[in-house]
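Counting the sequence shown from 1 gives a position; my numbering is that position plus 603. Cβ coordinates follow ideal geometry from the N, Cα and C atoms, glycine included.
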Amino acid sequence: MAVTGDENEEKASVHLLECIHKELSSDQNVSLESCHFFNFCKIWSTQTEEQEYADFIQSFRSVRELKTKGIHFKPINSSFLSLAKLGKSISLRNVEFRSRFISAELKLPPLFLDPAKIKVYNNLAAFEWCPPTVNALVITSYICFLNTLIDGPDDVRELRSKRILLNNVGSDQEVLKMLREMTTFERQDVALYQGVRKAIEKHYNNKIRTWVAEIINKYFSTPLAALGLFGAITFLVLAIVQTRFTIYPIKEK
């Protein structure tokens, strides 16, 4: 019995890195069919855009600085178990920014960090440049985006407390060092988080919002600070009342 070409055809083998990369960079609205040459031209063409946006990217330097302006951080997926039940994975594309009247919220995909995971991320970053499977530089772009938000160990501590940076080894300083040493080839897809960066910049430069947020952060961040402010206001009011009656005493009838 003859065997047709279709029956004899075998599926092409898929590399493990390709499977992991698809999980971390999945997007239902973006086609995964892409060629290395197209991506290479796209990334190099965005270098001009990168220069144009360099100034505004540098205007916010750290998580702590954004927090004082009323921008709070949350993980994009609060429950890994619920994701597993839905058959979904965490995509590093999913960065959301929501601006409210005074405060704002930046949601980031959680990132697991330990020496073994760092090796995987470095291999994934290299894989993103390998033809013919190259898509948008999601891994390298997300690492670059995180590094623009992290200026020191205190920023790492804040993201760790929000369950965005997940690690059970090493200090915050060591985590910072790991992030800085991760391979990005000094290239990223600027367009990937461009909308989020613009939204952050717009909120950051709104003087009224940030002024109110700074007052709240300074005087109402803890019960003790709020109590101190209330005591100061009460003392000021009593001093004004006392001065008023000293200058204009109540006349006896």
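In terms of residues, what are the limits of the beta strand (DSSP E) holding residue i?
{"i": "Phe700", "result": "Glu699 to Ser702"}
Relative to the C-alpha of residue i, which candidate in the options has its C-alpha closest?
{"i": "Leu795", "options": "Ile623, Leu619, His624 and Ser628", "result": "Ser628"}
{"i": "Trp732", "options": "Thr849, Ile836, Thr813 and Gln791", "result": "Gln791"}
{"i": "Ile679", "options": "Arg664, Ser665 and Val698", "result": "Val698"}
{"i": "Pro756", "options": "Asn725, Phe848 and Gln776", "result": "Gln776"}
{"i": "Phe700", "options": "Val844, Leu620, Tyr807 and Thr786", "result": "Tyr807"}
{"i": "Asn726", "options": "Lys672, Val815, Phe788 and Val840", "result": "Phe788"}
{"i": "Glu668", "options": "Val741, Leu752, Ile746 and His618", "result": "Leu752"}
{"i": "Val723", "options": "Leu620, Tyr745 and Asn809", "result": "Leu620"}
{"i": "Trp814", "options": "Phe748, Gly673, Ile623 and Lys625", "result": "Gly673"}
{"i": "Lys677", "options": "Val666, Leu709, Phe663 and Ile693", "result": "Leu709"}
{"i": "Ser694", "options": "Ile818, Leu740, Val840 and Thr846", "result": "Leu740"}
{"i": "Arg696", "options": "Val772, Asn750 and Ser744", "result": "Ser744"}
{"i": "Cys729", "options": "Leu711, Arg664 and Thr786", "result": "Contrary to the premise, residue 729 reads as Ala rather than Cys in this sequence. Among Leu711, Arg664 and Thr786, the Cα nearest to that of Ala729 is on Thr786."}
Which partner residues does residue i have in the DSSP bridge list?
{"i": "Pro577", "result": "For residue 577 there is no data in the structure shown, the boundaries of the chain being 604 and 856."}
Mind checking which residues open and close the alpha helix (DSSP H) that includes residue i?
{"i": "Val759", "result": "Pro756 to Ser764"}
{"i": "Glu784", "result": "Asp775 to Glu784"}
{"i": "Lys672", "result": "It is not in any alpha helix (DSSP H) - Lys672 carries neither H nor E in the DSSP assignment."}
{"i": "Asn725", "result": "Pro718 to Phe730"}
So, with DSSP's three-state summary, where would you put residue i?
{"i": "Leu769", "result": "strand"}
{"i": "Glu621", "result": "helix"}
{"i": "Gln797", "result": "helix"}
{"i": "Phe748", "result": "helix"}
{"i": "Gln791", "result": "coil"}
{"i": "Arg696", "result": "coil"}
{"i": "Phe848", "result": "helix"}
{"i": "Ile753", "result": "coil"}
{"i": "Ser628", "result": "helix"}
{"i": "Phe663", "result": "coil"}
{"i": "Leu740", "result": "coil"}
{"i": "Ile853", "result": "coil"}
Checking contacts by CB at 8 Å: is residue i closer than that to chain D?
{"i": "Asp758", "result": "The chain inventory of the structure shown lacks chain D, comprising one protein chain alone."}
| request: Pair every Cβ in the segment 761-773 with every Cβ in the segment 693-707, then say whether three or more of these pairs are closer than 8 Å. | output: Under the three-pair Cβ rule at 8 Å, the segment 761-773 does not count as touching the segment 693-707.
| Touching or not, the segment 713-729 and the segment 765-784, by the rule of three or more beta carbon pairs under 8 Å? | Taking one beta carbon from each stretch, the segment 713-729 and the segment 765-784 have 3 or more pairs nearer than 8 Å; the two touch.
| query | Would you call the segment 800-810 and the segment 775-783 touching, i.e. three or more CB-CB distances under 8 Å? | reply | Pairwise C-beta distances place the segment 800-810 out of contact with the segment 775-783, as fewer than three of them are shorter than 8 Å.
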